[in-house]
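Residue numbers (our numbering), protein chains in the order written: chain A, 4 to 334; chain B, 4 to 334; chain C, 4 to 334; chain D, 4 to 334; chain E, 4 to 334; chain F, 4 to 334.
No residue lacks a Cβ here, since even glycine has one placed at the ideal position from N, Cα and C.
Inspection log for the structure reproduced underneath, given as structure tokens.
There are 6 protein chains.
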Amino acid sequence: MIQIAGKELPNIPWEEKPQGCQNVLWRYSGNPVIPRDAIPTSNSIFNSAVVPFGDGFAGVFRCDNKARQMRLNAGFSPDGIHWTIDHDTIKFKNSPEGLEHFDYGYDPRVCFIDDRYYITWCNGYHGPTIGVAYTFDFKEFYQMENAFLPYNRNGVMFPRKIGGEFVMLSRPSDTGHTAFGDIYLSRSRDLVYWGKHRHIISPSEEYPWQSRKVGAGPIPIETSEGWLVFYHGVLNSCNGFVYSFGAMLLDLEDPSKVLARGGNYLLSPQTLYECVGDVPNVAFPCAALTDSATGRIAIYYGCADSVTGLAFGYVDEIIAEIRKNDMLKQI
Amino acid sequence: MIQIAGKELPNIPWEEKPQGCQNVLWRYSGNPVIPRDAIPTSNSIFNSAVVPFGDGFAGVFRCDNKARQMRLNAGFSPDGIHWTIDHDTIKFKNSPEGLEHFDYGYDPRVCFIDDRYYITWCNGYHGPTIGVAYTFDFKEFYQMENAFLPYNRNGVMFPRKIGGEFVMLSRPSDTGHTAFGDIYLSRSRDLVYWGKHRHIISPSEEYPWQSRKVGAGPIPIETSEGWLVFYHGVLNSCNGFVYSFGAMLLDLEDPSKVLARGGNYLLSPQTLYECVGDVPNVAFPCAALTDSATGRIAIYYGCADSVTGLAFGYVDEIIAEIRKNDMLKQI
Amino acid sequence: MIQIAGKELPNIPWEEKPQGCQNVLWRYSGNPVIPRDAIPTSNSIFNSAVVPFGDGFAGVFRCDNKARQMRLNAGFSPDGIHWTIDHDTIKFKNSPEGLEHFDYGYDPRVCFIDDRYYITWCNGYHGPTIGVAYTFDFKEFYQMENAFLPYNRNGVMFPRKIGGEFVMLSRPSDTGHTAFGDIYLSRSRDLVYWGKHRHIISPSEEYPWQSRKVGAGPIPIETSEGWLVFYHGVLNSCNGFVYSFGAMLLDLEDPSKVLARGGNYLLSPQTLYECVGDVPNVAFPCAALTDSATGRIAIYYGCADSVTGLAFGYVDEIIAEIRKNDMLKQI
Amino acid sequence: MIQIAGKELPNIPWEEKPQGCQNVLWRYSGNPVIPRDAIPTSNSIFNSAVVPFGDGFAGVFRCDNKARQMRLNAGFSPDGIHWTIDHDTIKFKNSPEGLEHFDYGYDPRVCFIDDRYYITWCNGYHGPTIGVAYTFDFKEFYQMENAFLPYNRNGVMFPRKIGGEFVMLSRPSDTGHTAFGDIYLSRSRDLVYWGKHRHIISPSEEYPWQSRKVGAGPIPIETSEGWLVFYHGVLNSCNGFVYSFGAMLLDLEDPSKVLARGGNYLLSPQTLYECVGDVPNVAFPCAALTDSATGRIAIYYGCADSVTGLAFGYVDEIIAEIRKNDMLKQI
Amino acid sequence: MIQIAGKELPNIPWEEKPQGCQNVLWRYSGNPVIPRDAIPTSNSIFNSAVVPFGDGFAGVFRCDNKARQMRLNAGFSPDGIHWTIDHDTIKFKNSPEGLEHFDYGYDPRVCFIDDRYYITWCNGYHGPTIGVAYTFDFKEFYQMENAFLPYNRNGVMFPRKIGGEFVMLSRPSDTGHTAFGDIYLSRSRDLVYWGKHRHIISPSEEYPWQSRKVGAGPIPIETSEGWLVFYHGVLNSCNGFVYSFGAMLLDLEDPSKVLARGGNYLLSPQTLYECVGDVPNVAFPCAALTDSATGRIAIYYGCADSVTGLAFGYVDEIIAEIRKNDMLKQI
Amino acid sequence: MIQIAGKELPNIPWEEKPQGCQNVLWRYSGNPVIPRDAIPTSNSIFNSAVVPFGDGFAGVFRCDNKARQMRLNAGFSPDGIHWTIDHDTIKFKNSPEGLEHFDYGYDPRVCFIDDRYYITWCNGYHGPTIGVAYTFDFKEFYQMENAFLPYNRNGVMFPRKIGGEFVMLSRPSDTGHTAFGDIYLSRSRDLVYWGKHRHIISPSEEYPWQSRKVGAGPIPIETSEGWLVFYHGVLNSCNGFVYSFGAMLLDLEDPSKVLARGGNYLLSPQTLYECVGDVPNVAFPCAALTDSATGRIAIYYGCADSVTGLAFGYVDEIIAEIRKNDMLKQI
């Protein structure tokens, strides 16, 4: 049986799979779990990151305001379902010289390593790149150097050092609505200087849901079968991009090696709250909670760039699905 | 009174026009008649073709799977409403040398001529072109030569030879989300070699619903007034393509001659299932059933590239509408 | 307290702000106030202009027909809610030589000055430009010279002469789905020759809801604080344009001077009828009614290029919001 | 015989047609008549306007500097061949409030009416539009109101009032490398307010050299056959725009009426200095000198956006060529 | 030693390879062999086809006129160097009903089979497609059915039937400056109906000179090693397309099989007359003469869409070069 | 007087400024100093890097071959004028695992630090990024890790460590003909991991020659006034990109600080070999030689992506020109 590494999380938000559901993932019946107007100033709350924190949960949320400016706010929840999000945006401290100005920030991820929570996000610095900060309490946030040169998005750290190095996935992009996107892996000894960049996966025309671009989603989940990485894929229809998500497995010791990659999406935008909103047809995962005791996984994903959804699955079913339609075996 | 050629079809799926409806076509109250998940592996089922078969109906369905790959599946129904679609995709037999590999297939049409059912579809062969096959039983399908060079879509055969030749409409296109599209007519003596290509209609900026491209829909319906051809038209808004459909009349003996062409659409995407889905704002007809006894017509059309809808009308009202707003008289 | 100039309008359509609503504007509970099929020939009715007229109201409506041709129709209402729209399109009289042919017309505004109602609209004359006409009774419409050279849209007159000159805002554009758009102001002594063109505002990347283009909406409202101008702003997402609207204040005596400009939108497309339709995600205001006795403002706005919505607000709250997030103070 | 209105110009720059030349226009053997580095600060000198002045000639020149900024400089010549161009750019005086800042200026025309020389040029004011100024001596230049709203280029005045009104041709455009362009005519009583805009000609796909856009060139030449207007036309090849020029005749009394329009170009870029330079393949006329005594016409045209060329022709041959291939007779 | 099939051609135009030339092809020292103004009405003469005829040579020439309209003219030469081109364009006779109107024609090829010369060209019929005609004397030309549906270019026939069928290569395209282009092969029994379409080659990103599109050039040359097919390839630089040409070998009995394909170009635009002109950087071959006695090949190719060039080579050196850098062996 | 740091170079290639030349830089009279066919397999040789080596000079050259594949070759010269370029391409040794495959390489720079010559180039690794290697003898080249994630170009190292760190300029880009480009600076302690990325300069619409993108050219030259950095700037005309070059000064101790930036270009493509070739209108500097004794600078720059040019200037005149038109003082 497939094991998830790490702690048990008995209070993981959860609903059992509905009767008759033939899919590996199923949606929370109370979706959207976070509405667009959860704070007075927000236009939308989506593409956000949550982690276990104390007896409950904490998170960093993308809260676009009513100027449609992209901002980050911290928040807390006792159960992962009901969230109290700060009305004030995060103000980073100790920013390196030259990075003090906050232009915009979006699509955060939160990764606990050792003693602190690292936040990576798409940070506006003469274009989008990967900002890095850390917090101990989700109240004080300390900014570090940007990891990479612009233009980059979807920087996702691994939850422990591998081979003595921090490891991050990212998706180099351009200045606009990027029409391409591969996932790369980079390494660092100190979270300041990064190198040893390696290519992980490209979009695939053979699997149209992920034919235009791909980008890592939640923090990789360590399992007995490898790192489980949920990632979004984009199809470019005549009426715009459609963001779905699937998953792959990376080698535990050398995560630049792909072990298996699912050809099918696990969840695509099909509900009204995923299909209708500021950007129609988007399901974009940024965080996952796991319970090593039961193999349960709860995925938070942005819906239509407007609200936040929650979906559930079991690690063994997810990995079985990856292997059943493994792209590496079909090529 | 206008006559439809061909057999009576007393079991044609049907609902009477709702009270107060001022339009020529009206939607089935149980729409979508085929949901997106009618088979376990399907992402969506739409742009599909049905015909009378035995005591009931059979069809070839576009069933995109959860990799969003475009596939064709056969199906059967006793009443045209409740469908049993094969879980396995169609595997073509006797494919000509060089055409054995099935890359992708979509938007099928089915046309009964003489003793068999011909299927034409958009067949991936180094780009989209018109595939041709036939079946006697919707179980075994025999592939013939592609009708044309790439790049082409919406190949629609006439239901009988005209002047001793098979006749097909098609819409030459390009490799992507084609931004143009005229309807042409071609002829063949043997369904292998095609020629005598003639231009039928172009999009018209004067009639914006059909200003970007036009393409034939169901198999032309032989009536006492000419061939009744439903066709889709595309408007290019700032937020993408909108697919509606209307109709025209072609000369019975020389179908390259347009007798009348309706300036107004007959049905445009206005319901949630037509406006919301994998491709918003699409109503795309691929098949029609007719009852010569009553003049009833039932049209199957894809909705938002996600599900299949059904709409109804009377042949005389449809042709009256074409003539009332005949583009040929207004230019 | 802020005063609106002009008459009292005790029968202004109105609903009180819902409990708990934290926004400055709120929607009419019966929205869409005008459905897409209010007349038999219409595909959609939106982006339309209404004014007090007699004991009730009159208006000029954009009624796209079922060829998706853009047409203008007059209409009347006793209460601003229930509208009777002429089934026949407006036929302009006395058109200047060379402008007799009506190609297309859309997005009308109606402005009462002195003794008559002026209509400005986007008039097709070898491309879109600003048509001008007047009526006394909304039955006979007399066409004047186009105000400007093509290509132009959203011509909006001020409701009185300023400095002895008629004044009009407009948004020069191009021949298609224009990707830019600033608001300019022009002056005329006779409504035939226009000049003294001045730039008013540009889109702003800092305020993404209005980062792509901006265009004036209803006739400017004279207040004790300046001319209150609602205007639409456009954000260009990867899936198309999103039209929201906000407001600014112009100097009463020299309206080419911007006094304040709100950084936040006042209303963005968030309901189904604003997000789903012929053009998803559009809220486009073209008219406002005001009651000087109470400071009430009722705004008519097009929804998804399909139907017409109605929203309400108080002038003092609106102007307070403009000043609270005044872009001029933040730059 | 065809008469040119206006003065004799015995010192018009001139060379006889080379032996064997079968074209209506022929190039000056000393081309480029003005090199790109005629002043120390210039990157290029082209698309410039000259007129008879005193015993010789004066002009306004587009002198892009070595930052490639577009600037205007005055210049003088005794013979139209040898030019002394001011090293300093023109500084306009008496600019209307709000227009004082010179952003950029290019493609000037100079038109003598009554007692002064009017300069029109593409003036940067939140985008390109038509600037207007006048001078008596080519030393002091007085700026007036811009004629039109942005975005516009190639404003070309008629050399006398017609029906009591000033008349100007222009080519409305957009903010960039405009891919469209029609010629329109506007009228004014005072050079401040303009109106009565009429469409003159569009590009024509049937005549590919002028299939993408057209724009007026030199000041129209009054002849006994009508106003002779040279205009540039643009073909869009796979490797960019090609600017050639041809001519048309407008009605003397109502210049919004086109009497004849030549289907063939008169001169297209074929020499090295026309085909190689900052913008390859450009021949762009901005001025013409005429001698009523002989029917001689000397045309100054920009070459490859780098240097200035000179070409010669006879009015009767030019008009004969227009009529021989008159587009109005061929459609 | 490699043999060319067919007749000896002792009067083939020829120059020996210059000393020190390391390339397989070399240019005629008198290039351009046909200037742009060889007839009074021509803007350019290029992309043209010549064949042995009588004691000398005849051809069909693309003669764009001074409206830049694309026209075809016949011509004759005693030596292949000095050409007399008809001043009048070709008027086709016996055109099938519906194809009588000549819209435009370009890039002709001429192929002798049995008793007549077949001309194929890009024929404007609601878009570009492959026109077919024949002549016995280059004076009377008889038009047949277009071979294919639009949109297509570069239709090139094989000089004899293969397997009892006529065979043609073509490059399906779109309506504009097509950014893609593969070579396909089609077959016909009667030159009216075509079928059995097979894909031959695609562009290759690995060989950038042919990375954007490829298209057949002269009539395939039958050799003892296979059909020698010269074809153009296009590289898309930041400043436009660059057309070079190379060659491949097809199987004699089944020409849908590629035996070898040269990775290097044989000739790319490097001279002034190839790099400067109406379309810079084009070398586009449309015809070749061969002498079976000596293995000499003379290639006519369009230069910069302006003039016609001539290049020479030996069949054995050309085929050796194909094999030395054979793409099929390197992949 | 301004001093250049570093060694004297008495054999620097040199010609005195021509009489009458008013520009700061002047071209070598024997340009192109390296022709496109200097080796048998080359299509073009340009954008190349040279350094003093032994008694003469060595370099790394971009030698595109006749498949138009981008390759790097080493070469040697006794005088910097006459070059012997290896016929074989460089084969890198000791490539890190995963980087062994050479896909393509272009636009090299060579930088001597301490004891070896570092080569940086645009290295194809799932897109363009910055490759790094070193050599002692220009015979053996040892590859290191790529400096950055794709997509990046124009990586240019400083010739000594600053603050204990290696420093590199680069221009992040995208996958194609990038339409944007800023210069950034990054730092490294070990040439493996890079960080502390800072923005240096952006393109400027106010200075059109550098309005589209900018990128560093030769290795920065240490002077008593700061680091002298030549950089290319791109203007986007309607007919494509134009590459010119200018210069700026960076702070010696903190090179992320710009001290002065010249508004004018120093050299723009104006000669035939710069304007005509595989990519017209390109002057692209990649290397400079300096003589500290005399202040002479010799710049090697690619011409039209076809050949290599050489230009000369004096350091004091160049810096005086930067300061005379300093953009920082004019904004």
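Check: CA-CA distance, Q273/C and M73/D?; Outcome: 46 Å
Check: Using 10 angstroms around the beta-carbon of M171/C, count the other beta-carbons present and answer buried if the total reaches 16, otherwise exposed.; Outcome: buried
Check: Mind checking if V282/F is an interface residue toward chain H, Cβ cutoff 8 Å exclusive?; Outcome: Of the protein chains in this structure, namely A, B, C, D, E and F, none is chain H.
Check: Rounded to whole angstroms, what is the Cα-Cα separation between E148/F and E11/F?; Outcome: 33 Å
Check: Run the CB neighbour count on S227/D, radius 10 Å, all protein chains shown included, and call it buried at 16 or more, exposed below.; Outcome: exposed
Check: State the CB to CB distance for the pair F287/F and Y246/F, rounded to an integer number of angstroms; the pair is presumed to be in contact (CB under 8 Å).; Outcome: 5 Å
Check: Check each candidate in R65/A, Y31/A, C125/A and E256/A and name the one with the smallest Cα separation from I42/A.; Outcome: R65/A
Check: Output, in sequence order along the chain, the residues in the stretch 282-298 of chain C whose CB is closer than 9 Å to any CB in chain B.; Outcome: V282, P283, N284 and V285
Check: Take Y304/E and list the residues in its own chain whose beta-carbon comes closer than 6 Å to its own, dropping the five residues that flank it on each side.; Outcome: A286, F287, P288 and G312
Check: Can you find the residues in the same chain that come closer than 6 Å, C-beta to C-beta, to E277/E, ignoring five residues on each side of it along the sequence?; Outcome: A286, C306 and A307
Check: Can you list, in chain order, the residues of the stretch 162-195 of chain F whose Cβ is nearer than 7 Å to any Cβ on chain E?; Outcome: H180
Check: I want to see whether chain C comes within less than 8 Å of S271/B, judged by CB atoms only; does it?; Outcome: yes
Check: Leaving aside the five residues before and after N328/E along the sequence, list all residues of the same chain whose C-beta is less than 6 Å from its C-beta, in chain order.; Outcome: G265, G266 and N267
Check: Roughly how far, in whole angstroms, is the beta-carbon of N76/F from the beta-carbon of I93/F, given that I think they are within contact range, below 8 Å?; Outcome: 6 Å
Check: For the alpha helix (DSSP H) that K332/D lies in, which residues bound it at each end?; Outcome: M330 to Q333
Check: For the stretch 78-97 of chain C against the stretch 32-42 of chain C, do three or more pairs of beta-carbon atoms, one drawn from each stretch, fall closer than 8 Å, so that the two count as touching?; Outcome: yes
Check: Relative to the C-alpha of K216/A, which residue among N242/A, R156/A, P258/A and D193/A is closest?; Outcome: R156/A
Check: Going by C-alpha to C-alpha distance, which of Q6/E, Y128/E and R112/E sits closest to S98/E?; Outcome: Y128/E
Check: Rounding to the nearest angstrom, what Cα-Cα distance links I222/C and G62/C in this structure?; Outcome: 13 Å
Check: With distances taken from CA atoms, which of G184/A, V54/A and F144/A is nearest N339/A?; Outcome: Outside the shown range of chain A, which is 4 to 334, sits residue 339/A, and nothing can be said about it.
Check: By the DSSP assignment, the alpha helix (DSSP H) with K327/A in it spans what residues?; Outcome: V318 to K327
Check: Using the three-state DSSP reduction, which class does E277/C fall into: helix, strand or coil?; Outcome: helix
Check: Just the C-alpha distance for G134/C and Y187/B, rounded to the nearest angstrom, thanks.; Outcome: 39 Å
Check: Determine, using beta carbons only, whether L152/C and T178/C come nearer to each other than 8 Å.; Outcome: no
Check: Is F151/A close to chain F, meaning its C-beta is less than 8 Å from at least one C-beta of that chain?; Outcome: yes
Check: Just mark A301/B as buried or exposed, buried being the case when its beta carbon has 16 or more other beta carbons within 10 Å.; Outcome: buried
Check: May I have the straight-line CA-CA distance separating N126/F from D110/F, to the nearest angstrom?; Outcome: 9 Å
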